[in-house]
Amino acid sequence: MGALAILVFLSGCSPVRKVNRHLNNQFQNEAHSNQFTGILLVDATSRDTLFSLNAEKYFTPASNVKLFTLYAALKTLPDRVPALKYARHRDSVYVVGTGDPSALHPDLMDSTALKFIRGFPHVTMVNSNLTDPAWGPGWSWDDFDAYYMPGRSAFPVHGNILRLIGYPDSLHVSPSIFRDSLSPRRGGRARSQLRNVFLRTPSPGDTLDIPLRISGQLERDLWAAFSGRVIVRGDTLPPTPLETLPGMASDSLYAKMMKESDNFIAEQLMLLVSGTQSDTLSFEAARDRVLEEFLPGMPQVPRWVDGSGLSRYNLFTPESVVFLLDKLYREFPEPRLFALLAQGGQDGTLAEWYRDSASPYVFGKTGSLSNNHNLSGYLVTLSGKRVCFSMMNNHFTQPSDVIKENMQELLQWVRENY
120 MGALAILVFL SGCSPVRKVN RHLNNQFQNE AHSNQFTGIL LVDATSRDTL FSLNAEKYFT
180 PASNVKLFTL YAALKTLPDR VPALKYARHR DSVYVVGTGD PSALHPDLMD STALKFIRGF
240 PHVTMVNSNL TDPAWGPGWS WDDFDAYYMP GRSAFPVHGN ILRLIGYPDS LHVSPSIFRD
300 SLSPRRGGRA RSQLRNVFLR TPSPGDTLDI PLRISGQLER DLWAAFSGRV IVRGDTLPPT
360 PLETLPGMAS DSLYAKMMKE SDNFIAEQLM LLVSGTQSDT LSFEAARDRV LEEFLPGMPQ
420 VPRWVDGSGL SRYNLFTPES VVFLLDKLYR EFPEPRLFAL LAQGGQDGTL AEWYRDSASP
480 YVFGKTGSLS NNHNLSGYLV TLSGKRVCFS MMNNHFTQPS DVIKENMQEL LQWVRENY
């Protein structure tokens, strides 16, 4: 066999061509004919494209949007989240909301801001610096009482939720000021649509999280209740320059957002990002800065309308998601990056999938809405290669577990053969 023939033969048997040929054959069948599927797999080191299907088309990304929120936060926020901004004025303090979601969050319980506020006899709170409504555009109003949809705010506390924990002989209510607002009924909604009247309680052994109908006045009332201080409304600041109070470790917030797909943390992180440029909190300001300053040259500019992916107005392409994954992989150490993501067979939204007895091999972010399921992240192959991938499945009518099983089989095959 001549040298040229040998070269052609070897290239035809290359791992890249093998993956491409196998996946092309897989997608010739009818399993994906009644849904819209987009896939892109790229070697993280060589940047060779292993397989591409509809990668330049726009999809509803759901919580894959949180990858962009993560990148925005990593690029702009310090190692410790800005808990609040403040200005001392004689024996009083003016505090300004940064959007920090960790303050007395029932799963995080950061008390940095609380301890600070308790150190002053007079507290004036400026929490009117949020320009966005509590809900993002395109959020489903019908989910107003669902645990995954707390509203955005400038100075959140306790995750902007009521947490009820059922015990055999008692009910734990937090924040406790809502104990007299319980009016349980059989079935129906968990909360009144327009008021903080709560219509459901958990059974013994269960926990129920219900979003609060938040307002500036309620924020001040809650902080007053937790701190034991009288907190008054402030619309203007003294001429003294604002200082920043560092809060909890930022990576702790990022990991909770990415592993558990926490929508509230995602939305508040984008407000924190906007606060690095001014005292005004605005999702759009944060998004525009990230796209212009950190993500120029993205293959297809996304329609990016919120930080969590709750909105069906969001539109992203697999190619743009992989573009972001490539930037994350090259700009941040792999151990730190992989630790922030859900790990197959280990934790978060991937705990029941991509299991391996030795070590996790999929690190990523799921994204699910009804009739939509996506997964984007990193695959570690048996040969030690790293693959950036984005797989998007929109408009299917099968059970989502069927989609997840197909995705798992695909990534397992690539892991073993590339």
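All letters in the sequence shown, in the order written, are residues 120 to 537 by our numbering. Using N, Cα and C, we set each Cβ at its ideal position, and we do this for glycine too.
Pair within 8 Å by beta-carbon distance, residue i and residue j
i, j, result
"P180", "N525", "no"
"G467", "K378", "yes"
"W342", "F442", "no"
"S401", "T485", "no"
"L530", "V481", "yes"
"V351", "T243", "yes"
"L142", "G255", "no"
"C507", "V161", "yes"
"A458", "A374", "yes"
"E338", "N248", "no"
"R319", "R332", "no"
"P252", "G285", "no"
"T355", "T250", "no"
"S211", "F239", "yes"
Those residues which DSSP pairs with residue i across a bridge
i, result
"E362", "Y205"
"P330", "I280"
"V351", "T243"
"S509", "L159 and S495"
"H291", "I284"
"R237", "In DSSP, R237 forms no bridge with anything."
"L172", "I158"
"T485", "L494"
"S211", "H208 and H241"
"F178", "F435"
"L400", "L249"
Reduced DSSP category for residue i - H, G, I as helix; E, B as strand; rest coil
i, result
"M417", "coil"
"A163", "coil"
"Q465", "coil"
"G257", "coil"
"L443", "helix"
"T231", "helix"
"M120", "Unreliable positioning characterises M120 in this predicted model, as indicated by a pLDDT of 49, which lies under 50. The coordinate reading is nonetheless provided below. Residue state, collapsed to three classes: coil."
"L313", "coil"
"T516", "coil"
"R431", "coil"
"G538", "The question about residue 538 has no answer here: the residues shown for the chain are numbered 120 through 537."
"F263", "coil"
"M367", "strand"
"R308", "coil"
"V424", "coil"
"L189", "helix"
"F274", "coil"
"L126", "Any answer about L126 is weak, because its pLDDT of 42 lies below 50 and its placement is not dependable; what the coordinates show is given next. Looking at L126 - three-state DSSP - the assignment turns out to be helix."
"A222", "strand"
"L356", "coil"
"L410", "helix"
"R199", "strand"
"W342", "helix"
"L318", "coil"
"L588", "Residue 588 is absent from the structure shown; the chain starts at 120 and stops at 537."
"P303", "coil"
"M377", "helix"
Supposed contact pair residue j and residue i - C-beta distance, whole angstroms, cut 8 Å
i, j, result
"K194", "T363", "That pair is no contact at about 18 Å."
"S495", "V420", "The pair is not a contact, with the Cβ atoms about 18 Å apart (cut-off 8 Å)."
"L391", "L196", "6 Å"
"P220", "I384", "5 Å"
"V184", "G426", "7 Å"
"G157", "P437", "4 Å"
"Y473", "K504", "16 Å between Cβ atoms; not a contact."
"H514", "F155", "5 Å"
"L388", "T188", "6 Å"
"W423", "R406", "5 Å"
"L283", "H291", "7 Å"
Buried/exposed call for residue i, threshold 16 Cβ in 10 Å
i, result
"P360", "exposed"
"Y177", "buried"
"E386", "buried"
"S487", "buried"
"R534", "buried"
"D229", "buried"
"A309", "buried"
"W260", "exposed"
"Y213", "buried"
"Y497", "buried"
"H277", "buried"
"H516", "Here residue 516 turns out to be Thr, not His, going by the sequence shown. Answer is exposed; the Cβ neighbour count stays below 16."
"Q336", "exposed"
"N144", "exposed"
Residue i: CB within 7 Å of a non-hydrogen atom of the ligand ATP
i, result
"L488", "The ligand ATP is not part of this structure, which contains no ligands at all."
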